[in-house]
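Asker: Okay, handing you the structure first.
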Amino acid sequence: MKPARAKRRNDDRRSPKKQTAPREKPQRQPEPGARPAPPRRNGALPDERLPVILEVLPNDDYALLDSGGGQKLEQYGPYRIVRPEGQAIWQPALGPAEWNRADAIFTGDTDEEGMGRWRFPREPLGETWPMRHDGIDYLGRFTSFRHVGVFPEQATHWSHMETLVREARRPVKVLNLFGYTGLASLVAARAGAEVTHVDASKKAIGWARENQEMAGLGERPIRWICEDAVKFAEREARRGNAYDIVLFDPPAYGRGPRGEVWQLFEDLPYLADLCRSILTPKPLAVVLTAYSIRASFFAIHALMRDTFAGDGGRVESGELIIREKSAGRALSTSLFSRWVAS
Numbered sequence: 101m102k103p104a105r106a107k108r109r110n111d112d113r114r115s116p117k118k119q120t121a122p123r124e125k126p127q128r129q130p131e132p133g134a135r136p137a138p139p140r141r142n143g144a145l146p147d148e149r150l151p152v153i154l155e156v157l158p159n160d161d162y163a164l165l166d167s168g169g170g171q172k173l174e175q176y177g178p179y180r181i182v183r184p185e186g187q188a189i190w191q192p193a194l195g196p197a198e199w200n201r202a203d204a205i206f207t208g209d210t211d212e213e214g215m216g217r218w219r220f221p222r223e224p225l226g227e228t229w230p231m232r233h234d235g236i237d238y239l240g241r242f243t244s245f246r247h248v249g250v251f252p253e254q255a256t257h258w259s260h261m262e263t264l265v266r267e268a269r270r271p272v273k274v275l276n277l278f279g280y281t282g283l284a285s286l287v288a289a290r291a292g293a294e295v296t297h298v299d300a301s302k303k304a305i306g307w308a309r310e311n312q313e314m315a316g317l318g319e320r321p322i323r324w325i326c327e328d329a330v331k332f333a334e335r336e337a338r339r340g341n342a343y344d345i346v347l348f349d350p351p352a353y354g355r356g357p358r359g360e361v362w363q364l365f366e367d368l369p370y371l372a373d374l375c376r377s378i379l380t381p382k383p384l385a386v387v388l389t390a391y392s393i394r395a396s397f398f399a400i401h402a403l404m405r406d407t408f409a410g411d412g413g414r415v416e417s418g419e420l421i422i423r424e425k426s427a428g429r430a431l432s433t434s435l436f437s438r439w440v441a442s
């Protein structure tokens with residue numbers, strides 16, 4: 101999870117569209133290989149807004165202090181961390197003295213299994229350390245693949261989702277696919293939603309449950325599901341279960357717990373259509389984030405508009421960025437596209 105915090109509102113809402121017929125379910129062929137692309141819908145395309153740049157500004161919980169030379173210097177609470185960043189092709193604005201104050205550095209050194217290592221110049225730090233996002237306590241983690249258990253740029257999506265949940269003034273069900281360590285799920289639960297969190301990694305699910313307890317949200321209704329995201333969504337469609345908000349943050353490539361293969365370009369159209377099929381009659385939003393792909397946000401924007409043809413609403417697409425503290429540069433981290441109901 102796949103954490104400034106200005107809340108984004110759906111300012112041009114219209115009266116909700118009445119919908120009585122159940123949503124059609126995408127048909128999937130049984131043979132192996134790429135998942136079948138759904139047929140194109142003939143309804144009117146949703147309104148659109150693009151490009152949309154959603155940015156995270158430096159704050160007490162998180163700040164991008166500086167970047168450049170293929171690295172980024174971040175502040176997570178009391179800790180300074182240096183990690184690789186391929187898009188930082190400029191030069192750092194801060195001098196070596198500031199970078200050398202880092203508490204943890206991802207070295208890129210590899211062991212026999214090809215995993216990276218962390219170096220702690222000051223004093224050894226444990227695998228986890230206490231962190232906070234907007235009043236929610238959670239555990240940061242030093243992983244062997246350079247991540248730290250949270251994607252700070254997602255904070256803009258979380259605040260938007262929280263606004264939708266609170267302003268709905270009714271019970272809201274949220275499905276978080278590829279949920280990672282659970283910050284989005286915790287924000288939704290705190291806002292009052294009933295949450296289903298799905299991730300194929302048993303370890304990530306364990307971390308997410310720890311974070312729920314750390315945040316003091318143990319009594320909030322969150323279902324933790326360790327399963328392939330596509331298979332879970334297919335089963336929900338067969339059972340007739342539906343959600344008001346769906347978040348999905350798929351990897352470029354991945355494998356499920358039973359060897360299921362995920363290829364973003366081949367399988368994303370099927371999953372987008374599947375997410376549409378498990379929405380309630382009065383849905384609120386579907387949010388797609390895409391990392392580590394060689395594509396324009398125009399591509400996923402067109403896909404989402406086609407997926408929600410005939411459903412009204414609006415598709416907003418663009419990039420998630422983090423605003424650097426040192427020189428004010430924008431570091432782009434991912435593409436996104438979200439459909440917001442009328």
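Just so we're aligned, residue 101 is where the sequence shown starts under this note's numbering, counting upward by one. Built from N, CA and C at the ideal position, the CB exists for glycine as well.
Three or more C-beta pairs closer than 8 Å, one from the stretch 397-404 and one from the stretch 340-358: is that the case here?
Answerer: no
Asker: Who are the Cβ neighbours of residue 401 in its own chain at under 8 Å, not counting the five residues just before and after it?
Answerer: Counting from 1 along the sequence shown, the entry for residue 401 is found at position 301. Sequence-distant partners of residue 401 (beyond 5 residues in either direction) whose C-beta falls short of 8 Å from its own C-beta, in its chain, are 148, 150, 415, 417, 437.
Asker: Straight-line CA distance for residue 425 to residue 202?
Answerer: Start at 1 with the first residue of the sequence shown, and residue 425 comes out as number 325. Start at 1 with the first residue of the sequence shown, and residue 202 comes out as number 102. Rounded to whole angstroms, residue 425 to residue 202 spans 16 Å at the Cα level.
Asker: Classify residue 291 as buried or exposed, calling it buried when 16 or more other Cβ atoms lie within 10 Å of its own Cβ.
Answerer: Stepping through the sequence shown from its first residue, residue 291 is reached at position 191. Counting Cβ neighbours within 10 Å, residue 291 comes out buried, since at least 16 surround it.
Asker: Per DSSP, what kind of secondary structure is residue 341 in: helix, strand or coil?
Answerer: For the purposes of this step, residue 341 is identified with residue 241 of the sequence shown, where counting begins at 1. Three-state DSSP puts residue 341 in coil, outside helix and strand.
Asker: Check the DSSP bridge columns for residue 419 and list the partner residues they point to.
Answerer: Looking up residue 419 in the sequence shown gives position 319. DSSP, once it has assigned bridges, lists 153, 435 as partnering residue 419.
Asker: My output table needs one value for residue 225: the three-state DSSP class, helix, strand or coil.
Answerer: For this step, residue 225 is matched to residue 125 along the sequence shown. Three-state result, residue 225: coil.
Asker: Who pairs with residue 296 in a beta bridge, going by DSSP?
Answerer: Your numbering for residue 296 matches position 196 in the sequence shown. Residue 296 pairs with 275, 323.
Asker: Measure the C-alpha to C-alpha separation of residue 430 and residue 388 and round it to an integer number of angstroms.
Answerer: Position 330 of the sequence shown holds residue 430. Position 288 of the sequence shown holds residue 388. Roughly 21 Å between the two C-alpha positions.
Asker: Could you tell me whether the Cβ atoms of residue 439 and residue 386 are closer together than 8 Å?
Answerer: Counting from one through the sequence shown, the residue named residue 439 turns up at place 339. Counting from one through the sequence shown, the residue named residue 386 turns up at place 286. Their beta carbons are under 8 Å apart, which means residue 439 touches residue 386 by this criterion.
Asker: Here's the rule I'm using: 16 or more other beta-carbon atoms within 10 Å means buried, otherwise exposed. How should residue 213 be labelled?
Answerer: Within the sequence shown, the letter at position 113 stands for residue 213. Reliability fails at residue 213, whose pLDDT of 46 lies under 50, so the model's placement of it is uncertain and no value is given.
Asker: Helix, strand or coil for residue 414, going by three-state DSSP, please let me know.
Answerer: Locating residue 414 in the sequence shown gives position 314, where the first residue counts as 1. Strand at residue 414.
Asker: Just the C-alpha distance for residue 224 and residue 170, rounded to the nearest angstrom, thanks.
Answerer: Numbered from its first residue, the sequence shown carries residue 224 at position 124. Numbered from its first residue, the sequence shown carries residue 170 at position 70. Cα-Cα distance, rounded: 25 Å.
Asker: With distances taken between CB atoms, is the gap from residue 378 to residue 352 smaller than 8 Å?
Answerer: Taking the sequence shown and counting its residues from 1, the one referred to as residue 378 is at position 278. Taking the sequence shown and counting its residues from 1, the one referred to as residue 352 is at position 252. Result no, Cβ atoms of residue 378 and residue 352 do not sit closer than 8 Å.
Asker: So residue 432 and residue 391 are in contact, right, with Cβ under 8 Å, and what is the actual spacing, rounded?
Answerer: Position 332 of the sequence shown, counting from 1, holds the residue named residue 432. Position 291 of the sequence shown, counting from 1, holds the residue named residue 391. Rounded, the Cβ-Cβ distance is 11 Å, inconsistent with contact.
Asker: Does DSSP put residue 189 in a helix, a strand or coil?
Answerer: Within the sequence shown, numbered from 1, the residue matching residue 189 stands at position 89. If DSSP states are grouped into helix, strand and coil, residue 189 belongs with coil.
Asker: Grouping DSSP H, G and I as helix and E and B as strand, with all else coil, what is residue 401?
Answerer: Within the sequence shown, the letter at position 301 stands for residue 401. Of the three classes helix, strand and coil, the one that applies to residue 401 here is helix, per DSSP.
Asker: Per DSSP, which one or two residues make a beta bridge with residue 172?
Answerer: Looking up residue 172 in the sequence shown gives position 72. BP columns for residue 172 point to 167, 183.
Asker: Please classify residue 262 as buried or exposed, where buried requires at least 16 neighbouring CB atoms within 10 angstroms.
Answerer: Locating residue 262 in the sequence shown gives position 162, where the first residue counts as 1. Buried.
Asker: Taking 8 Å as the cut-off, does the stretch 178-195 touch the stretch 152-159 (at least 3 CB pairs, one atom from each stretch)?
Answerer: With a cut-off of 8 Å on Cβ pairs, the stretch 152-159 is not in contact with the stretch 178-195, counting fewer than three such pairs.
Asker: Using a Cβ-based criterion (distance less than 7 Å to any ligand heavy atom), does residue 282 qualify as near the ligand HEM?
Answerer: Of the ligands one can find in the structure shown there are none, so the ligand HEM has no counterpart to examine.
Asker: Who are the Cβ neighbours of residue 411 in its own chain at under 6 Å, not counting the five residues just before and after it?
Answerer: By one-based count along the sequence shown, residue 411 stands at place 311. Nothing meets the Cβ criterion.
Asker: Given this structure, state the Cα-to-Cα distance separating residue 253 from residue 246, to the nearest angstrom.
Answerer: Numbered from 1 along the sequence shown, position 153 holds the residue referred to as residue 253. Numbered from 1 along the sequence shown, position 146 holds the residue referred to as residue 246. About 16 Å.
Asker: How should residue 365 be labelled, buried or exposed, when 16 other C-beta atoms within 10 angstroms of its C-beta is the threshold for buried?
Answerer: The residue you call residue 365 lines up with position 265 of the sequence shown. Counting Cβ neighbours within 10 Å, residue 365 comes out exposed, since fewer than 16 surround it.
Asker: Relative to the alpha-carbon of residue 136, which residue among 376, 371, 299 has its alpha-carbon at the smallest distance?
Answerer: What you label residue 136 is simply residue 36 of the sequence shown in a count that begins at 1. For the residues 376, 371, 299, the minimum Cα distance to residue 136 belongs to 371.
Asker: Look at residue 360 and residue 328 and say whether their C-beta atoms are less than 8 Å apart.
Answerer: The residue you call residue 360 lines up with position 260 of the sequence shown. The residue you call residue 328 lines up with position 228 of the sequence shown. Yes. Within cutoff.
Asker: With a CB to CB cut of under 7 Å and the five nearest residues on each side skipped, what residues in its chain are close to residue 317?
Answerer: As a first step, residue 317 must be located in the sequence shown, where it is residue number 217. Closer than 7 Å at the Cβ level, and outside the excluded window around residue 317, lie 286, 289, 290.
Asker: Counting beta carbon pairs with one atom in the stretch 328-340 and one in the stretch 272-285, are three or more of them shorter than 8 Å?
Answerer: yes
Asker: Run through the DSSP bridge pairs and tell me what residue 379 is partnered with.
Answerer: On the sequence shown, residue 379 is found 279 positions in, with the first residue counted as 1. Looking at the DSSP assignment, residue 379 forms a beta bridge with 343.
Asker: Since I believe residue 231 is in contact with residue 177 (beta carbons under 8 Å), could you give me their beta-carbon distance rounded to a whole number of angstroms?
Answerer: Along the sequence shown, one-based indexing puts residue 177 at 77. Along the sequence shown, one-based indexing puts residue 231 at 131. That pair is a contact at about 5 Å.
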